[in-house]
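Q: This is the structure, below, for whatever I ask next.
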Amino acid sequence: KPVAMIGPAFTNETKMVTRILDSHGVLLMGYSSDDTAFSDKSLYPLYSRVCPSVADSGKALADIAELLKIRSCQIIVENSHAYSDISQSFQAAVLGKVRIEKNYTWNFGNETELKVLVRNFSRLSMLSTNVFLFMSTGSKIAFFNEVELIQVSDEYSWLSTDFDVPLNAKNLPDSYIGISYQANTTTAAFQKLQSVWTSLPSSSYP
């Protein structure tokens, strides 16, 4: 059967492409989506998901919190199923170890809500200066563009994954801590993905 690699992409785009290719009997492998729906073989029987799971993503951030000896933090979550799930996984992993002092939810695209959210960080308070971000690329860029306007942004430590925000992105605070982790590269699905990808001629992809 022909094989298609999907991602990196937004979850809804991946679902759309997956349904189309699945209907044609194409074997699918994706590396980027955090949506656990792709693990449901009854919905996507031909899809092999080789990216870190929601549980692994949350645990990875929790491990960093432990490594940095973080005892309290604030959380900002983009209001979407995938990021809410990762946030919940993180909170479960740090339960009893890290105190969540404030948990904000932001609807991406709502400019008024964004300004109100960022205003909470426009001055230092008694709350923790460790802030974990559970957001998409577009959300983080919009967030940090707004954060640049406040004068104390570098007084906070902003922690998030760096694979979806370029570390040279404009307006990224000096105190941004990008966390990188990988899928289990020993899995059969990943090995298959790698072998198919490396066998393609260079003209087959950008």
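Per full-length UniProt numbering, the very first residue in the sequence shown carries number 1; after that it's consecutive. Backbone N, C-alpha and C fix where the C-beta goes; we use that ideal spot for every residue, glycine too. All figures in this text were calculated on a predicted structure; none of them were measured in a lab.
With H, G and I counted as helix, E and B as strand and the rest as coil, what does DSSP make of Leu-133?
A: strand
Q: Does the Cβ of Met-135 have 16 or more other Cβ atoms within 10 Å, making it buried, or fewer, making it exposed?
A: buried
Q: Under 8 Å between the Cβ atoms of Phe-108 and Gly-138?
A: yes
Q: Could you tell me the distance, in whole angstroms, from the CA atom of Leu-21 to the CA atom of Leu-149?
A: So the two alpha carbons sit approximately 44 Å from each other.
Q: Count the other CB atoms within 10 Å of the CB of Asn-130; is the residue buried (16 or more) or exposed (fewer)?
A: buried
Q: Nearest to Ser-122 by alpha carbon, out of Tyr-104, Tyr-156, Lys-97 and Asn-110?
A: Tyr-156
Q: Between the alpha carbons of Gly-25 and Ser-80, how many angstroms are there, rounded?
A: 30 Å
Q: Using only the alpha-carbon positions, how far apart do Cys-73 and Asn-110 sit?
A: 24 Å
Q: What does Tyr-176 pair with, by DSSP beta-bridge criteria?
A: Trp-158, per the DSSP bridge assignment.
Q: Check for me: the beta strand (DSSP E) holding Gln-151 runs from which residue to which?
A: Note, Gln-151: premise wrong, no beta strand (DSSP E); not H, not E.
Q: Any idea what DSSP makes of Thr-18, helix, strand or coil?
A: helix
Q: So for Lys-69, helix, strand or coil by DSSP?
A: coil
Q: How is Arg-119 classed by DSSP in three states: helix, strand or coil?
A: Residue state, collapsed to three classes: helix.
Q: Identify which residue in Ile-86, Ser-84 and Arg-119 has its Cα closest to the Cα of Gln-151.
A: When only C-alpha atoms are compared, the closest one is Arg-119.
Q: Taking the alpha-carbon positions, what's the Leu-172 to Glu-78 distance?
A: 18 Å
Q: With distances taken Cα to Cα, identify the nearest neighbour of Phe-132 among Leu-68, Ser-53, Val-116 and Arg-19.
A: Leu-68
Q: Based on the DSSP secondary-structure assignment, which residues constitute the bridge partners of Gln-74?
A: Lys-102 and Val-131
Q: Once the 5 residues before and after Lys-59 are set aside, which same chain residues still bring their CB inside 6 Å of it?
A: Ala-93
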